[in-house]
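Peer 1:
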Amino acid sequence: MEQEIPWWHKTILYQVYPMSFQDSNYDGIGDIQGIIRRLDYIQSLGVNMLWINPIFASPKIDNGYDVSDYMAIDPHFGTMEDVEELIEEAHNRGIKIIFDLILNHTSNQHPWFKEASKGPDNPYRDYYIWRDGKNNGQDAPNNWEGFFGTSVWERGPQEDDQYYFHLFAPEMPDLNWENPEVHRALEDVSLFWLDKGIDGFRVDAFIHIAKEEGYPDLDLPVGEMDVAEEYFANLPKVNQYMKRFTTTLREHFPDIYILGEAASANVELARAYCDPDEGGCNSVITFRYFTMDDSTKDKRLNSNLQDTNLLYGAFKHNMDQWQHAMSDVGGPTLYWSNHDMGRVVTRIGDDHVFRDNSAKMLATLMYLQKGIPVIYNGEEIGMKNLEIDDIEDFNAPEAKSFYKKALDLGYTREWVLHNLRQTSKDASRGGMQWNDSEFAGFSSVEPWSGVNVEEKYNVKAQMMDSESVLIHYKKILDLKRTELFIYGDYHLLPTDDNFYAYKRILRNKVATVICNVTEDMQYYDLPHEPDHGYRRPILENEGVRLINGGNTVRLGAYAAVVLLTDYE
482 MEQEIPWWHK
492 TILYQVYPMS
502 FQDSNYDGIG
512 DIQGIIRRLD
522 YIQSLGVNML
532 WINPIFASPK
542 IDNGYDVSDY
552 MAIDPHFGTM
562 EDVEELIEEA
572 HNRGIKIIFD
582 LILNHTSNQH
592 PWFKEASKGP
602 DNPYRDYYIW
612 RDGKNNGQDA
622 PNNWEGFFGT
632 SVWERGPQED
642 DQYYFHLFAP
652 EMPDLNWENP
662 EVHRALEDVS
672 LFWLDKGIDG
682 FRVDAFIHIA
692 KEEGYPDLDL
702 PVGEMDVAEE
712 YFANLPKVNQ
722 YMKRFTTTLR
732 EHFPDIYILG
742 EAASANVELA
752 RAYCDPDEGG
762 CNSVITFRYF
772 TMDDSTKDKR
782 LNSNLQDTNL
792 LYGAFKHNMD
802 QWQHAMSDVG
812 GPTLYWSNHD
822 MGRVVTRIGD
832 DHVFRDNSAK
842 MLATLMYLQK
852 GIPVIYNGEE
862 IGMKNLEIDD
872 IEDFNAPEAK
882 SFYKKALDLG
892 YTREWVLHNL
902 RQTSKDASRG
912 GMQWNDSEFA
922 GFSSVEPWSG
932 VNVEEKYNVK
942 AQMMDSESVL
952 IHYKKILDLK
962 RTELFIYGDY
972 HLLPTDDNFY
982 AYKRILRNKV
992 ATVICNVTED
1002 MQYYDLPHEP
1012 DHGYRRPILE
1022 NEGVRLINGG
1032 NTVRLGAYAA
1042 VVLLTDYE
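Position 229 (the sequence shown) corresponds to 710 in the working numbering; numbering is contiguous.
1) Please report the straight-line C-alpha distance between Asn1032 and His490, rounded to a whole angstrom.
2) For Gly515, I'd like the list of residues in its chain whose CB is within less than 7 angstroms of its CB, leaving aside the five on either flank, ordered along the chain.
3) Does the beta-carbon of His733 have 16 or more other beta-carbons within 10 angstroms, so that it is buried, or is it exposed?
4) Could you tell me how far apart the beta carbons of Ile995 and Ala1038 are, in whole angstroms, since I believe they sit closer than 8 angstroms?
5) Just the Cα atoms here: how many angstroms apart are Gln484 and His1009?
6) Could you name the residues of the same chain whose beta carbon sits closer than 8 angstroms to that of Gly600, not counting the 5 residues immediately before and after it, in chain order?
7) For the stretch 890-902 against the stretch 527-539, are there 3 or more C-beta pairs whose distance is under 8 angstroms?
8) Here's a check: name, in chain order, each residue in its chain whose Cβ is nearer than 6 angstroms to the Cβ of Val932, leaving out the five neighbours to either side.
9) Give the DSSP-derived three-state secondary structure of Ile510 in the structure shown.
10) Report the residue from Gln643, Glu936, Ile576, Asp870 whose alpha carbon sits nearest the alpha carbon of Asp602.
11) With respect to the alpha helix (DSSP H) encompassing Asp959, which residues constitute its N-terminal and C-terminal limits?
12) With His572 as the anchor, note down where its alpha helix (DSSP H) starts and where it stops.
13) Compare the C-alpha of Tyr954 against each of Ala746, Gly695, Val855 and name the closest.
14) Do you know whose CA, among Pro813, His689, Arg725, Phe835, lies nearest Glu711's CA?
15) Please state whether DSSP places Glu662 in a helix, a strand or coil.
16) For Leu638, count the other beta carbons within 10 Å of its own beta carbon; 16 or more makes it buried, fewer makes it exposed. Which is it?
17) Just mark Arg519 as buried or exposed, buried being the case when its beta carbon has 16 or more other beta carbons within 10 Å.
18) Leaving out the 5 sequence neighbours to the left and right, which residues in its chain are closer than 7 angstroms to Asp844 when beta-carbon positions are compared?
19) Touching or not, the stretch 753-763 and the stretch 781-801, by the rule of three or more beta carbon pairs under 8 angstroms?
20) Following the continuous alpha helix (DSSP H) through Ser525, name the residue where it begins and the one where it ends.
21) With DSSP as the reference, label Ser549 as helix, strand or coil.
22) Going straight from the alpha carbon of Ala992 to that of Tyr968, what length do you get?
23) In this structure, does DSSP put Thr893 in helix, strand or coil?
24) Cα separation between Met500 and Val950?
25) Between the Cα of Glu868 and the Cα atoms of Gly852, Ser905, Leu846, which residue gives the shortest distance?
26) What three-state label does DSSP hand Arg612 in the structure shown?
27) Could you tell me which residues DSSP pairs with Asp809 in its beta bridges?
28) Over the uninterrupted beta strand (DSSP E) stretch that includes Asn997, give me the two end residues.
29) According to the Cβ coordinates, are Val934 and Ile862 closer than 7 angstroms?
30) Tell me Arg1026's beta-bridge partners as DSSP assigns them.
31) Taking the alpha carbon of Tyr971 as the point to measure from, which residue in Lys851, Tyr981, Val926, Tyr938 has its own alpha carbon closest?
32) Taking 7 angstroms as the cut-off, decide whether the C-beta atoms of Asp620 and Gly627 are in contact.
33) Can you list, in chain order, the residues of its chain with a C-beta nearer than 6 angstroms to that of Lys692? Leave out the 5 residues immediately preceding and following it.
34) Classify His899: buried if its beta carbon has 16 or more other beta carbons within 10 angstroms, exposed otherwise.
35) May I have the straight-line CA-CA distance separating Val548 from Ile1019, to the nearest angstrom?
36) Check whether the Cβ atoms of Val1025 and Leu1036 lie closer than 7 angstroms to each other.
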């Protein structure tokens, strides 16, 4: 059976945000040697693949997602020799490595853009998207708004008569995928790194590489802008481009793993992106799982930066759809957190009263479903959001614009800062907590990002505590490496919104996963077991008790249990 199934169906991914993971040279910034120093720890978790966020040369307008040289390592992180050592040492421990690959845009400091900016006749001009402005060049070519709250158009440097396109910051111009030379240049970049020995890529923002021909205006009042996702996200050409691109790479390296960031893709699009015959990706990460309660949000402000609750009913429905649609391609990616969103125990769990139990429950709920776990560094010790007290300490441009707009609308400073502390990506990028020393073992100097120092929530303390969040994560990943939790069918169990419960079934084994997603005591009645079956708990956190002759589970606040039934 296993021989017929792609190797990557057994992948367990650990995401490392290098700037915040481990500082080895005492400059307050994490680096490659820091990751090497912690490889034994990573191996001990039971993961078998590392996703490394961008380490290429960059001015860091967007923390490395603005690349100025794809084939050079940013000096903050180390040298090419350090990267080669990292690849070798990871492989020695049975750990594969994927790098972030940014296909949609570069930095405006990239040599390609510097050449393109010299004028319309430059050979690199067509590497980017340029258009004439309206009203004799006085106004932008259309009324589309980008993801950072400004027009997607910026007038070219050096008194250029044209505007260039950028979905993100003005310093991050979009590449022109209509130009075959762009394909070839990015293929050369990718093959360079694959030749170095990495095992694939997490492809950033690939759903935006195709734009609507003609760049039509949105139907808006004069002077207004809006995000035009229907014109620059998930267009049909995206999959054509990705299939062509990845096919070229796989001609040289057949077994690479491609994880695509498909933030706004629905389940049908995601299935197409991962189709073995038509798609370029093996797996995708979407933001569509998490349906949040928008009823209390102010529609005049950025929705993503307003604190709210997960709607478990909608979430269960979403996950059930993704489980079934992606089942034959290894299942969906399973994740709670990453570098672009608040940490899960703060965002979804309870980081005050029930921090341990809610962290353990959420991990049990998510990672024992069918699919590929993607665990964000620090999540496994129950790290909460970074405590940030001043708006000047937020790096994200959208945080500061949210702050100003909310104050202008009459909100208090305390309200705004609370929402940003709960939701901002800056709050998820605090230094990794290795111990309870002055800077949590991340560095001997003040970290670039700040760091929470906590007596209990650090690796050293949790490795010595058999009931810690870390040990619970290890137990989950031990189960995740078994056939039942890799290949087993998934069946969501009908419950009210106080529970998240499902079964995994493979041959004569059935695992029943029952999670209380509330802080209140809950009772779950189990179906009667046939005489030839034997049911026993194989994983639980605090507050689980079988009562009523073993036919009812009593679950305390955020309690979770995995029951295994072996049939003869």
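For each residue, glycine too, the CB sits at the ideal point set by N, CA and C.
Peer 2: On the basis of the data shown:
1) Answer to the nearest angstrom: the Cα atoms are 34 angstroms apart.
2) The answer, listed in chain order, is Phe502, Gln503, Asp504, Ser505.
3) It counts as exposed.
4) Actually they are not in contact, since the Cβ atoms of Ile995 and Ala1038 sit about 14 angstroms apart, beyond 8 angstroms.
5) In this prediction, Gln484 has a pLDDT of 45, which is less than 50 and means its spatial position is unreliable; what the coordinates show is noted afterwards. Distance from the CA atom of Gln484 to the CA atom of His1009, rounded to whole angstroms, is 36 angstroms.
6) Within the same chain, Gly600 has close Cβ partners Arg606, Asp641.
7) Counting C-beta pairs closer than 8 angstroms gives fewer than three between the stretch 890-902 and the stretch 527-539, which falls short of the contact rule.
8) Around Val932, the same chain offers Gly911, Gly912, Phe920, Ala921, Phe923 as residues with beta carbons nearer than 6 angstroms, after the five sequence neighbours per side are excluded.
9) Correct three-state label for Ile510: coil.
10) Shortest Cα-Cα distance from Asp602 to any of Gln643, Glu936, Ile576, Asp870 involves Gln643.
11) From DSSP, the alpha helix (DSSP H) with Asp959 extends over 950-961.
12) It spans 561-573 - the alpha helix (DSSP H) in which His572 sits, taken as one unbroken run.
13) Relative to the Cα of Tyr954, the nearest Cα in the group Ala746, Gly695, Val855 belongs to Val855.
14) Comparing alpha carbon positions, the residue from Pro813, His689, Arg725, Phe835 closest to Glu711 is His689.
15) In the structure shown, the three-state DSSP call for Glu662 is helix.
16) First, the amino acid is wrong: residue 638 is Pro here, not Leu. It counts as exposed.
17) Buried: at least 16 other Cβ atoms inside 10 Å.
18) Before going on, a small fix: residue 844 reads as Ala here, not Asp. Excluding residues within five positions, the ones whose Cβ falls inside 7 angstroms are His953, Tyr954, Ile957.
19) No: fewer than three Cβ pairs fall under 8 angstroms.
20) For Ser525, the enclosing alpha helix (DSSP H) begins and ends at 520-526.
21) In this structure, DSSP gives Ser549 a state outside helix and strand, which the three-state scheme calls coil.
22) For Ala992 and Tyr968, the gap between their C-alpha atoms comes out near 12 angstroms.
23) DSSP places Thr893 in coil when its eight states are reduced to three.
24) Counting only the Cα atoms, Val950 lies some 24 angstroms from Met500.
25) Taking each of Gly852, Ser905, Leu846 in turn and checking the Cα distance to Glu868, the smallest one comes out for Ser905.
26) DSSP places Arg612 in strand when its eight states are reduced to three.
27) DSSP, once it has assigned bridges, lists no residue as partnering Asp809.
28) Bounds of the beta strand (DSSP E) holding Asn997 are 990-997.
29) Result no, Cβ atoms of Val934 and Ile862 do not sit closer than 7 angstroms.
30) Among the bridge pairs identified by DSSP, Arg1026 is matched with Arg1035.
31) Closest option to Tyr971, judged by alpha-carbon separation, among Lys851, Tyr981, Val926, Tyr938: Lys851.
32) No, the pair does not count as a contact, with Cβ atoms beyond the cut-off.
33) Excluding sequence positions up to five before and after Lys692, its CB lies within less than 6 angstroms of the CB of Phe713, all in the same chain and listed in chain order.
34) When all chains shown are included, His899 counts as exposed.
35) Taking the straight line from one Cα to the other gives about 46 angstroms.
36) The answer is yes: Cβ separation under 7 angstroms.
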